[in-house]
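**Student:**
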Amino acid sequence: MYLLVICREDLPPDPYWNILGLPTPHCWDIDMFFELAPRLGTYYAEQAKRIFWEFYWRRVGRYHHHHPFPRVYLCVSDERYCIPLPLTEKLRRFVTNYAVISGAMYHVGVLKTEHAYPTHVEGVVDV
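Position in the sequence shown (first residue = 1) + 547 = this note's numbering.
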């Protein structure tokens, strides 16, 4: 399986990094990070929200903080090796868009709890 991986020292440690063959514990497959973070606890969920908003503000051109762009790797988890990708402007845009879409898909940064929207409202018949 191919993974698009970001690595940066301020990312929380990935508990599965060794199994997937990622370069360091602070590397994450983007989809896996946003999917698993809420399940791994409050700290991971807060970090996922922080990374989502960082990529979002990078996407809209308003990011002015001190965090450098993460290193990017293309990893093959079945064979446990990773290829570092050169950080071209085109790759930066792709990774930024991918992270924003992935974070939005898993509702990172949007929903504060799993019950943020009511699932049942009194007097309304569920269809």
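Cβ atoms here follow ideal geometry from the backbone N, Cα and C, with glycine treated the same way. Predicted model, so just to flag it, every value in this text is computed and none were measured.
Are Gly588 and Tyr628 touching if we call contact CB-CB under 8 angstroms?
**Tutor:** Taking 8 angstroms as the Cβ cut-off, Gly588 and Tyr628 do not qualify as a contacting pair.
**Student:** For Trp564, which residues does DSSP report across the bridge?
**Tutor:** According to DSSP, Trp564 bridges with nothing at all.
**Student:** In chain order, what residues of the same chain lie with their CB nearer than 6 angstroms to the CB of Ala584, ignoring the 5 residues before and after it?
**Tutor:** Excluding positions up to five away in sequence, the list reads Tyr591, Ala592 and Ala595.
**Student:** Would you kindly work out how many angstroms separate the C-alpha atoms of His555 and Ile598, rounded to a whole number?
**Tutor:** What sits at residue 555 in the sequence shown is Arg, not His. Rounded to whole angstroms, Arg555 to Ile598 spans 11 angstroms at the Cα level.
**Student:** Between Tyr620 and Ile577, how many whole angstroms is the CB-CB distance? I'm expecting something under 8 angstroms.
**Tutor:** Actually they do not touch by this definition, with Cβ atoms about 11 angstroms apart.
**Student:** Note down, in chain order, each residue of its chain lying with its Cβ closer than 6 angstroms to the Cβ of Pro615, except the 5 sequence neighbours on either side.
**Tutor:** Nothing meets the Cβ criterion.
**Student:** Please classify Gly608 as buried or exposed, where buried requires at least 16 other C-beta atoms within 10 Å of its C-beta.
**Tutor:** Counting Cβ neighbours within 10 Å, Gly608 comes out exposed, since fewer than 16 surround it.
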